[in-house]
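First comes the structure, then the notes that go with it.
In my numbering, the protein residues as written are 209 to 386.
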């Protein structure tokens, strides 16, 4: 008996499907899928959330010096003429950054093995391509999802049966974060 469901796919197709659905679940908070797929996605998602809860506070704040371009009142970079060339003026600023400790860094890399990169596209048609933003799902796991579940000892997802799908009568379920 296999330790996982094969879902009628080759191993590469199955892995891609599960990665897609876990990414969608973490990004949106809920997905609608078949019961068998939901049970497989639940295993992976709960493992990622448990890892995030465990490593949530495992970082140190470090102050670093960074060069930031000086800007005028309109938000444009200030330019200065040096040796006949226009050069941007930079100021040195102290920034506080979170530096992951080794175990949190390892956890971050484990999560990145599973999660696909996601782009957030605005709903308005004007400037849709220009205003897309990369969503950092690992940061979302550490900063938003993990603090929500730190008092729970597992059971981070819920499966709610919706009914049978019209086309093939497969049982559809709603898989959501609790």
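C-beta: ideal position from N, C-alpha, C; glycine also.
Exercise for review: Could you please give me the residues that DSSP links to residue 379 through a beta bridge?
Suggested key: Paired residue(s): 372.
Practice item. Please go through the same chain and pick out, in chain order, the residues whose beta-carbon is closer than 6 Å to the beta-carbon of residue 301, but skip the five residues on each side of it. Key: Contacts found: 274, 276.
Check your understanding: By how many angstroms is the C-alpha of residue 303 removed from the C-alpha of residue 288?
Key -> When rounded, the distance between both Cα atoms is 25 Å.
Practice item. Would you mind giving the Cβ-Cβ distance between residue 380 and residue 242, rounded to the nearest angstrom? I have them listed as a contact below 8 Å. Key: Residue 242 and residue 380 do touch by the CB rule: their CB atoms are close to 6 Å apart, below 8 Å.
**Study point:** Residues of its chain near residue 264, where Cβ-Cβ distance is below 8 Å and the 5 sequence neighbours each way are ignored
**Key:** Closer than 8 Å at Cβ, skipping near neighbours: 350, 354, 355, 358.
**Study point:** Nearest neighbour of residue 257, chosen from 314, 371, 364, 231 [CA to CA]
**Key:** For the residues 314, 371, 364, 231, the minimum Cα distance to residue 257 belongs to 364.
**Study point:** Rounded straight-line distance, which links the Cα of residue 281 to that of residue 296
**Key:** The alpha-carbon atoms of residue 296 and residue 281 are separated by roughly 15 Å.
Check your understanding: Alpha carbon to alpha carbon, how far is residue 261 from residue 213?
Key -> So the alpha carbons of these two residues sit roughly 27 Å apart.
Check your understanding: Is the region 328 to 342 in contact with the region 306 to 314, if contact means three or more CB pairs nearer than 8 Å?
Key -> Here the region 328 to 342 does not lie against the region 306 to 314, with fewer than 3 beta-carbon pairs under 8 Å apart.
Practice item. Go ahead and label residue 315 buried or exposed: buried means 16 or more other beta carbons lie within 10 angstroms of its beta carbon, across all protein chains shown. Key: Burial check for residue 315: the Cβ neighbour count within 10 Å reaches 16 or more, so the residue is buried.
Practice item. Out of 341, 298, 227, point me to the one whose CA is closest to residue 167's CA. Key: Residue 167 lies beyond the stretch modelled for the chain, which goes from 209 to 386, so this question has no answer here.
**Study point:** residue 213 - DSSP class collapsed to helix/strand/coil
**Key:** Assignment of residue 213 by DSSP, reduced to helix, strand and coil, places it in the coil class.
Check your understanding: What residue from 339, 250, 244, 293 has the CA that sits closest to residue 232's CA?
Key -> Measuring from the Cα of residue 232, the nearest candidate turns out to be 250.
**Study point:** Close beta carbons around residue 373, own chain, < 6 Å, minus the five adjacent residues each side
**Key:** By the criterion of a C-beta distance shorter than 6 Å, residue 373 is surrounded in its chain by 380, once the five residues flanking it on both sides are discounted.
Exercise for review: Starting from residue 276, trace the alpha helix (DSSP H) both ways and give me its first and last residue.
Suggested key: Looking at the DSSP string, residue 276 is not in any alpha helix (DSSP H); the run it does join, the beta strand (DSSP E), is 267 to 277.
Review point. Under the DSSP definition of a beta bridge, which residues are partnered with residue 313?
Key: Its beta-bridge partners do not exist; DSSP assigns none.
Practice item. Taking all protein chains shown into account, decide if residue 224 is buried (16 or more other Cβ within 10 angstroms of its Cβ) or exposed. Key: Result: exposed.
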